[in-house]
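Below you'll find the structure, written out as structure tokens, and then a few comments.
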Amino acid sequence: MENLEIKGESGVYFIPEVKLNATSGVCEISGESYLEDTDEFYNQIINWLETHTQKVNTPITFNFRLTYFNTSSSRSILNVLRVLKKYQDQGGSVTVNWYYPEDDDSIAEEAEDYMKDTGLDINMFEFEPED
Amino acid sequence: MDIQMKEFDFFEYHSQISRDNILISYKGPLTDVLLSEFSRDIRKKLQEDPRSGKKVFSIFMELAQNVLYYSKEVNHFGNQDRVGTLVVLDEETNYKVITGNLIYRKDMMRLIEKCETIRSLDRDALREYKRKLRSEEENEESKGAGIGLVQAALTSDNQLEAKMKEMGTEFAFFIVIVKVDK
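Each protein sequence line maps, in turn, to chains Z and P. Under numbering that gives the first Met the number 0, the first residue of the first sequence carries the number 0, and numbering increases by one thereafter. Under numbering that gives the first Met the number 0, the first residue of the second sequence carries the number 0, and numbering increases by one thereafter.
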């Protein structure tokens, strides 16, 4: 099982930085998410998670550290969380940490809404984004 | 409104566009490249006011994406880009994001209902409504546009304003105004 790494980039679109580590099970998505093809982008993460949870079956920690995402991305993030919830329901160990920029109530609220939507426990932490 | 066109007054036009409270004013074909340039411009101009600036930025992104994907006016030169109008104002106590584009007249009622629903809900109910729209499958255009409007209303923490005007038999002009307090 290989790691999945996508370099973050801010050009015409805002591509978030993605690091999914197969050995440690620590996954992180950070930066800003506004994409040309949102489904295609997040399906890479979803496919990796599905393969990982079927083949490796070790604990997963998923850190979200996004400072901006559009509504289209928010739909895809929900799908990522649903895969994690499914893994947890099958007995997998899942920890979700949601880092929201300080003074950004809306990104904090998103985590609360995702908890309601998925039934997952999400740990919330405030952080100070670098420019 | 007068049917007869008033004579074009350049001085009036010039003084209007020279008012320093217009952060963005654009009418024409929209592309993803233009949209990202505008969004960067908004960020730069509002960097002294990060809290409201971020709200203006994200509302602009949602509303401008609606125009980019759903405007029914198309520029037939080049890449069939969709045409719309985008305005961001810096007023005394608030910012305003305004977008305008053509829609089909047959979609008017549905959009009016959607905007009325958004206007009638308080913040908690609006969050519920957004969750409902988000968990539904996205394949219909009205839903895609709908969640963007709900998010814009949530981010702004103000009433969303919408206006429509019929334009001939097939089209209508749809304007959304979203206010962000300073």
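We treat Cβ as the ideally placed atom computed from N, Cα and C, and that holds for glycine.
Using the DSSP secondary-structure output, state which residues sit across from residue i in a beta bridge.
i      : result
P:K194 : Only positions 0 to 181 of chain P appear in the structure, and residue 194 of chain P is not among them; the question remains open.
P:L22  : P:L22 is not bridged to any residue.
P:A151 : Its beta-bridge partners do not exist; DSSP assigns none.
P:I102 : P:A171
P:E165 : P:A171
Z:K18  : Z:E4, Z:E27
Z:M123 : Z:W97
Z:H65  : Reading the sequence as shown, one finds Leu at residue 65 of chain Z and not His. In DSSP, Z:L65 forms a bridge with Z:G30.
Z:T60  : Z:V25, Z:T94
P:V73  : P:R81
P:E160 : P:I176
Short of 6 Å in beta carbon distance, which residues of its chain neighbour residue i, apart from the five on each side in sequence? Order them along the chain.
i      : result
P:L22  : K44, V87, D89
P:P28  : N74, D80, V82
P:C114 : A161
P:M0   : For P:M0, the pLDDT reaches just 47, beneath the cut-off of 50, and the residue's location in the model is therefore unreliable, although a value from the coordinates is still provided. Here the set comprises nothing.
Z:S72  : S32, T37
P:F37  : I23
Z:N62  : E27, N96
Z:F124 : Y98
Z:Y67  : E31
P:Y94  : V55, V179
Might you give, ordered along the chain, the residues of its own chain that have their beta carbon closer than 7 Å to the beta carbon of residue i, omitting 5 neighbours on each side?
i      : result
P:S155 : K54, I58, V177, K178, V179
Z:G24  : T57, P58, I59, T60
Z:I121 : V95, W97, A110, Y113, M114
Z:A21  : M0, E1, N2, H51, V55
P:N20  : L88, D89, E90
P:Q158 : R118
According to DSSP, is residue i helix, strand or coil?
i      : result
P:T30  : coil
P:S134 : helix
Z:N78  : helix
Z:L3   : strand
Z:S23  : coil
Z:G30  : strand
Z:V55  : coil
P:I6   : Correcting the residue type first, residue 6 of chain P is Glu in the shown sequence and not Ile. In this structure, P:E6 counts as coil in the three-state DSSP scheme.
Z:S9   : strand
P:E47  : coil
Z:E129 : coil
Z:D102 : coil
P:K142 : Residue confidence for P:K142 is low, a pLDDT of 49 falling below 50, so the modelled location carries little weight and cannot support an answer.
Z:E35  : coil
P:D121 : coil
Z:Q89  : coil
P:G52  : helix
Z:T70  : helix
P:H13  : helix
Tell me whether the beta-carbon of residue i lies closer than 8 Å to the beta-carbon of residue j.
i      : j      : result
P:I146 : P:K129 : yes
Z:C26  : Z:T52  : no
P:T84  : P:V175 : no
Z:F13  : Z:Y33  : yes
P:F210 : P:K181 : Outside the modelled stretch of chain P, which goes from 0 to 181, sits residue 210 of chain P, for which no answer is possible.
Z:D38  : Z:S75  : yes
P:I102 : P:K71  : yes
Z:N69  : P:E61  : yes
P:R39  : P:G52  : no
Z:E31  : Z:L77  : no
Z:I44  : Z:V17  : yes
P:A170 : P:R104 : Here the sequence assigns Phe to residue 170 of chain P, which means Ala is not the residue at that position. The answer is yes: Cβ separation under 8 Å.
Enumerate in chain order the residues of its own chain whose CB-to-CB distance from residue i is below 8 Å, with the five nearest sequence positions on each side excluded.
i      : result
P:L125 : I117, V149, A152, L153
P:L67  : L29, T30, D31, L34, R81, G83
P:R122 : L153, D156
P:T92  : D180, K181
Z:Y86  : L48, T52, I59, V93
Z:Q89  : T52
Can you determine whether any heavy atom of the ligand PLP sits closer than 7 Å to the C-beta of residue i, and answer yes or no?
i      : result
Z:D104 : The ligand PLP is not among the ligands present in this structure, which contains no ligands whatsoever.
Could you check whether the Cβ of residue i sits closer than 8 Å to any Cβ belonging to chain B?
i     : result
P:S70 : Protein chains Z and P are contained in the structure displayed, whereas chain B is not.
Open item on the list: Does the stretch 114-122 of chain Z come into contact with the stretch 79-94 of chain Z, if we say contact requires no fewer than three beta-carbon pairs (one atom in each stretch) closer than 8 Å?
Closed with: yes
Open item on the list: Under 8 Å: do the stretch 120-128 of chain Z and the stretch 89-106 of chain Z share three or more Cβ pairs, one atom per stretch?
Closed with: yes
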